[in-house]
Structure formats: structure tokens, C-alpha cells
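J.:
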Amino acid sequence: MIKVLTIIGARPQIIKAAAISRAIRNHFADKIKEVIVHTGQHYDDNMSKVFFDELGVPKDDYNLGAGSGNHGRQTGQMIEGIEKIILQEKPQCIILYGDTNSTLAGAIATSKLHLPIVHIEAGLRSFNKNMPEEINRICCDHLSTLLFSPTKTGVNNLAKEGFKLDNKPAYTIDNPKVYHCGDVMYDNSLYFSEAAKKKSKIVEQLGLSGKKFILVTVHRDVNTDQSARLNALFEAFQEISSAENINFVIPLHPRTSKVLDEHLNPDLLKSIRGNSLIKIIPPAGFFDIIQLESNCSLVMTDSGGVQKEAYFFHKPVIILRSETEWVELVEQGCAILADTDKQQIKDAYSFLMNKSRTYGIKYPAIFGDGKAAEFICKEVFEQFST
Ligand code: UD1
Ligand code: UDP
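If you read the sequence shown in our numbering, its first letter stands for residue -12, the second for the next number, and so on.
1) Quick check on the burial criterion: 16 or more other C-beta atoms within 10 angstroms. Buried or exposed for Met(-12)?
2) Leaving out five residues on either side along the sequence, give the residues of the same chain with a beta carbon under 8 Å from the beta carbon of Ser176.
3) Could you check what DSSP says for Pro238 in three-state terms: helix, strand or coil?
4) Note down, in chain order, each residue of its chain lying with its Cβ closer than 7 Å to the Cβ of Lys302, except the 5 sequence neighbours on either side.
5) Out of curiosity, what's the CA-to-CA distance linking Ser180 and Ile227?
6) Short check: CB of Gln28 to CB of Gln61, under 9 Å?
7) Report yes or no: do the segment 9 to 22 and the segment 357 to 366 share at least 3 C-beta pairs separated by less than 8 Å?
8) Within 10 angstroms of its Cβ, does Tyr84 collect 16 or more other Cβ (buried), or is it exposed?
9) Going by DSSP, name the residue or residues bridged to Leu133.
10) Which of helix, strand or coil does DSSP assign to Met287?
11) Between Ala109 and Ser136, which are expected to be in contact by the criterion C-beta below 8 Å, what is the C-beta distance as a whole number of angstroms?
12) Look at the Cβ atom of Val22, then the Cβ atom of Val(-9), and state whether they are nearer than 9 Å.
13) Ala360: buried (16+ other C-beta within 10 angstroms of its C-beta) or exposed?
14) Between which two residues does the alpha helix (DSSP H) containing Ala388 stretch?
15) At which residues does the beta strand (DSSP E) containing Glu21 begin and terminate?
16) Based on Cα-Cα distance, which residue from Ser290, Glu231, Leu247, Lys186 lies nearest to Leu324?
17) Hey, could you find the ends of the alpha helix (DSSP H) Thr(-7) is sitting in?
18) Can you tell me which of the three DSSP states Phe362 falls into?
19) May I ask which residues mark the beginning and end of the alpha helix (DSSP H) holding Thr211?
20) Check whether the segment 146 to 164 touches the segment 344 to 354, taking contact to mean three or more Cβ pairs, one atom from each stretch, closer than 8 Å.
21) Using the beta-carbon count (16 or more within 10 Å), is His101 buried or exposed?
22) Using 8 Å as the cut-off, can you tell me whether the segment 243 to 255 makes contact with the segment 215 to 225, which would need three or more C-beta pairs spanning the two stretches below that distance?
23) For the alpha helix (DSSP H) containing Leu279, list its first residue and its last residue.
24) Comparing the CB of Pro(-1) with every heavy atom of the ligand UDP, is any distance shorter than 8 Å?
25) Does the ligand UDP have a heavy atom nearer than 8 Å to the CB of Thr97?
26) For the segment 142 to 156 and the segment 103 to 117, state whether three or more C-beta atom pairs, one from each stretch, are separated by less than 8 Å.
27) Rounding to the nearest angstrom, what Cα-Cα distance links Phe273 and Leu42 in this structure?
28) So, is Gln192 buried or exposed, given that buried needs 16 or more other C-beta atoms within 10 angstroms?
29) Expressed to the nearest angstrom, what Euclidean distance is found between the alpha-carbon atoms of Leu251 and Val105?
30) Using the three-state DSSP reduction, which class does Lys329 fall into: helix, strand or coil?
31) Could you check what DSSP says for Asn88 in three-state terms: helix, strand or coil?
32) Considering only the beta carbon of each residue, do Ile265 and Ile107 sit closer than 9 Å?
33) Exposed or buried, Thr327, counting other C-beta atoms within 10 Å across all chains shown (16 or more means buried)?
34) Measure the C-alpha to C-alpha separation of Asp212 and Pro351 and round it to an integer number of angstroms.
35) Tell me whether the beta-carbon of Ile268 lies closer than 9 Å to the beta-carbon of Val314.
Right under this line is the structure:
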């Protein structure tokens, strides 16, 4: 039996961790014991608890209560807490997900204690170091021992940064192993889509049964913190909904809700609030969001996870950023990068809603076979059980 310490903190990490916890429970219960540390980066029930409840993530063994704040305070408090827990629990390895401040804190605390890091979602790059996530993921990858990349692009990015793809065991921080393994988020979307159909009533509750609607999520700091960009986005939503008579559903991240009044032009805010076609709702649970993703006509998002889930459910997506880590989506023609340029968003909308143009879009299985988590658990056990 090996002991692994899983560190999660932000919404997408709780979701990703569900796939690994499920694989441990179903296939490795006699081989892997998982201890879960929640940094407390996300803390509202609809940003954290709902995912434990719906996705069957075991209750966290520790919660560091780091909460919100500037990067230094938030990350520093997490490092201190994680270090204490690692010293107490003495796990064989630490599992980190993605690219948040919780990931960075876990990477720093773990590597200084000379324990191996397993990085799930390794190798993704935006090549934009103004993103806090780009800094977090580069640091984490370069401190990791086992790097699990969901895409071939991720593996190639690591190779270009000097990672050797033919290293042999025993793997260490200086002799790391890079795997191409598929995406644990795809595992989850396959696994939970039937349950979501049965349990979620969100489409009916919003009065959208049989109606066309666009699903929107916005939370990237570059979009929420720059008033001009946030205004351009909401102007685009308002103008498209009015011109096309189409509904918008916007489950709003708390970061974005908190700045709407301050950053949006008051007239625009008034028109949005008075527009019955635009439904701004609280952050959705997982069953609700995947029902929205699978029933909508198109997705507009700056989220990494929502972009991919749009692909999993064969929906076109307008990416509200200037670049993406998931370049395959753009290459396949299912996604268009429109940034926050109102005209580009409108043009992308017309293009992607034109069925005769998009009919031929293919959604090949570039995110694995739905069993990425099992593969990861098998490798983690094999590498650390001796
Ligand atoms: C974080 C990650 C981002 C990820 C996102 C997923 C970093 C640097 N960023 O961004 O990569 O895409 O999570 O959702 O780690 N807030 C609440 N309640 C909560 C959580 C947050 O009200 O439960 C509000 C607070 O005002 C907080 C703000 O949201 O200041 C931002 O939260 P934070 O965790 O710092 O970053 P995110 O924008 O959520
Ligand atoms: N998500 C959710 N409810 C929402 C918005 C997103 O459950 O209202 C899920 C989404 O389905 C995906 C994950 O959260 O699985 C993506 O997280 P987020 O957009 O917060 O961050 P990112 O992926 O950009 O880091």
C-alpha cells in the first residue's frame, strides 16, 4: 500500500480529483491510500462543496482555509500549511492538478521536502507569462517527477523545454517521466453525463426546454479586472441576444459577479439586467453545467475546462481570450479565438452557428479513452510502491 497526498483548492481541481479518487476506489483500493488536502482557495458551497457531494470526492482530511487574497499571501499561507501536513503524513508522493496557486504552493512545499510530485495536466502552455496560471504550471512541471499530459501538444511543449521523453526508472525530480495519458476531465464527462441527464433540471428551470441558447462563462483575471474588456464582452452578449433573439445563460464566477457593478457601464448593466434573454445565474453545480453544455447551441468562454467540455459534447466554442492551451480545438475548427473583440465575437458567432459550414466539423478522440485516471493510478502505484 502506498500513501498519496492529493492537493486541491479551486473548483476545477476538485472536479479533476474526482476522477482519480474514483479510480482509486474502484481499482486500487488495496494499493493506494489517498489523503486529501483542500487549501481552501475556493470556499463558497457552489464553488467547492457541491462538487464533493455530486462527484463523490471523499471529504478532505485537511482544510487550510487559505481563502482569497493577493497571490503572495494566499500562496504563502498554503505553502506553510502543506509543508506541515507532508511532514506529518509522510506520503510516498503528492498529486497536484493544473495551474492554480494551490498547485504552485503544493509544488514548492513538496519539492523543498524532496518528495516526488505527480502533476496531472502537465505540459499545457499559453506562452503568455502575464497569466498567473502560466507561471504556476511552468514551475510545477519543472519540479515534478511524473508528468501526465492530456495531449500530444503538452508532451511536445515539455520536450521543447528540455524534458527527455526516453528517461528510464527510477524517476526523480532530475530524471522525470513524461506520459501522454488523456484527460481526466474527459473521464468525468463520460462518467457523469447520464447522471446529469437524470438529476439536473436546470434547462427546464430556466425555461429553455426546446429553445436555443448560448452558454457563457467568464472568470479570467484579464477579463474581469480590465473594465474595457469586460464591457466589450457584455456588449457583445447584449447585442447578439437582441439581434438574434437568442438566450444567453451565464453562470457567473464570484470573481466576475463582484466586479460587474463597478466595471460595467451603468447603461449597459441596466440593459443587461432588463434583458429577459440574458440569464445571469450563480455558479452551476457539475450536473447542471454539463447539462447546459450538452443542450446549448454554442459556448462562449475564457475557461480552460469549459472549452474542453464543449468539445466533449460536440459544441462549437468561442474562446474569449487571445490564445489557448488547447490548440487542438482551434485546429479542428470547433473553436475560434475571438479575445474580447466585439466584432470578432459576432463574426465567430455567425460562422459557428451556420450549420452548413459547421456540419462537417469532426470531434476526434484527442482526449483519450475515458480511462486516463486508471492509467495514472497504475503508473503512480508502479513507480512508488518499491
Ligand atoms: C482561480 C485560478 C484560476 C482558475 C480558477 C477556477 C489562480 C491564480 N487562479 O482563479 O486558474 O481558472 O480559480 O475557477 O489560482 N471568490 C469567492 N468565493 C470563492 C472563491 C473565490 O467569492 O469560493 C472570489 C473572491 O473575491 C476572490 C476571487 O473570487 O478574490 C478570485 O478567487 P481566486 O481563487 O483568487 O482566483 P480565481 O479567479 O477563482
Ligand atoms: N464549472 C462548473 N460550474 C460553473 C462553471 C464551470 O461546474 O458554473 C466546471 C466546468 O464544467 C469545468 C470546471 O468547472 O469542469 C472548469 O473550471 P473553471 O472554469 O472554474 O476553471 P478553469 O478550467 O478555467 O481553470
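Where is the CB? At the ideal position from N, CA and C, for every residue including glycine.
T.: The short version:
1) Position 1 of the sequence shown, counting from 1, holds the residue named residue -12. Exposed, since its Cβ has fewer than 16 Cβ neighbours within 10 Å.
2) As a position in the sequence shown, residue 176 is number 189, starting the count at 1. Closer than 8 Å at Cβ, skipping near neighbours: Ile277, Glu296, Phe299, Phe300.
3) As a first step, residue 238 must be located in the sequence shown, where it is residue number 251. In the structure shown, Pro238 sits in a strand (DSSP, three-state: E or B).
4) Within the sequence shown, residue 302 is the residue found at index 315, counting from 1. Excluding sequence neighbours, Lys302 sits near Glu280, Cys283, Leu285, Val286.
5) In the sequence shown, residue 180 corresponds to position 193, counting from 1. In the sequence shown, residue 227 corresponds to position 240, counting from 1. Ser180 and Ile227: Cα-Cα distance of roughly 29 Å.
6) Taking the sequence shown and counting its residues from 1, the one referred to as residue 28 is at position 41. Taking the sequence shown and counting its residues from 1, the one referred to as residue 61 is at position 74. Yes, these two residues count as a Cβ contact at 9 Å.
7) yes
8) Here the question's residue 84 lines up with position 97 in the sequence shown. Buried, since its Cβ has 16 or more Cβ neighbours within 10 Å.
9) Within the sequence shown, residue 133 is the residue found at index 146, counting from 1. Leu133 pairs with Val105, Lys164.
10) Position 300 of the sequence shown, counted from the first residue, corresponds to residue 287. Met287 falls in the strand class under three-state DSSP.
11) Within the sequence shown, numbered from 1, the residue matching residue 109 stands at position 122. Within the sequence shown, numbered from 1, the residue matching residue 136 stands at position 149. With a Cβ gap of about 5 Å, Ala109 and Ser136 count as contacting.
12) Within the sequence shown, numbered from 1, the residue matching residue 22 stands at position 35. Within the sequence shown, numbered from 1, the residue matching residue -9 stands at position 4. Against a cut-off of 9 Å, the Cβ pair of Val(-9) and Val22 comes out as a contact.
13) As a first step, residue 360 is located in the sequence shown; it is residue number 373 there, counting from the start. Buried is the call here.
14) Since the first and last residues shown for the chain are -12 and 373, residue 388 lies out of range.
15) Sequence index remark: in the sequence shown, residue 21 carries index 34 (1-based). Element bounds for Glu21: 19 to 25.
16) Sequence index remark: in the sequence shown, residue 324 carries index 337 (1-based). That would be Ser290, whose Cα lies nearest to the Cα of Leu324.
17) Here residue -7 refers to the residue found at position 6 when the sequence shown is read from its first residue. Thr(-7) -> not in any alpha helix (DSSP H); beta strand (DSSP E) instead, spanning -11 to -5.
18) The residue you call residue 362 lines up with position 375 of the sequence shown. In the structure shown, Phe362 sits in a helix (DSSP, three-state: H, G or I).
19) Taking the first residue of the sequence shown as 1, we reach residue 211 at position 224. Element bounds for Thr211: 208 to 211.
20) no
21) In the sequence shown, counting from the first residue as 1, residue 101 sits at position 114. The residue in question, His101, is exposed, as its Cβ has fewer than 16 Cβ neighbours within 10 Å.
22) yes
23) For the purposes of this step, residue 279 is taken as the residue at position 292 of the sequence shown. From DSSP, the alpha helix (DSSP H) with Leu279 extends over 273 to 282.
24) Translated into the one-based positions of the sequence shown, residue -1 becomes position 12. Yes.
25) Taking the first residue of the sequence shown as 1, we reach residue 97 at position 110. No, the ligand UDP has no heavy atom inside 8 Å of this Cβ.
26) yes
27) To locate residue 273, count along the sequence shown from 1; it is residue 286. To locate residue 42, count along the sequence shown from 1; it is residue 55. Distance between the alpha carbons of Phe273 and Leu42 is about 8 Å.
28) Taking the sequence shown and counting its residues from 1, one reaches residue 192 at position 205. Gln192 comes out exposed.
29) To locate residue 251, count along the sequence shown from 1; it is residue 264. To locate residue 105, count along the sequence shown from 1; it is residue 118. Near 41 Å, if we compare the C-alpha coordinates of Val105 and Leu251.
30) Counting from 1 along the sequence shown, the entry for residue 329 is found at position 342. Correct three-state label for Lys329: helix.
31) Taking the sequence shown and counting its residues from 1, the one referred to as residue 88 is at position 101. DSSP places Asn88 in helix when its eight states are reduced to three.
32) Along the sequence shown, one-based indexing puts residue 265 at 278. Along the sequence shown, one-based indexing puts residue 107 at 120. No, the pair does not count as a contact, with Cβ atoms beyond the cut-off.
33) Taking the first residue of the sequence shown as 1, we reach residue 327 at position 340. Label assigned to Thr327: buried.
34) Within the sequence shown, the letter at position 225 stands for residue 212. Within the sequence shown, the letter at position 364 stands for residue 351. Going by the C-alpha atoms only, they are around 36 Å apart.
35) If you number the sequence shown from 1, residue 268 lands on position 281. If you number the sequence shown from 1, residue 314 lands on position 327. Their beta carbons are not under 9 Å apart, which means Ile268 does not touch Val314 by this criterion.
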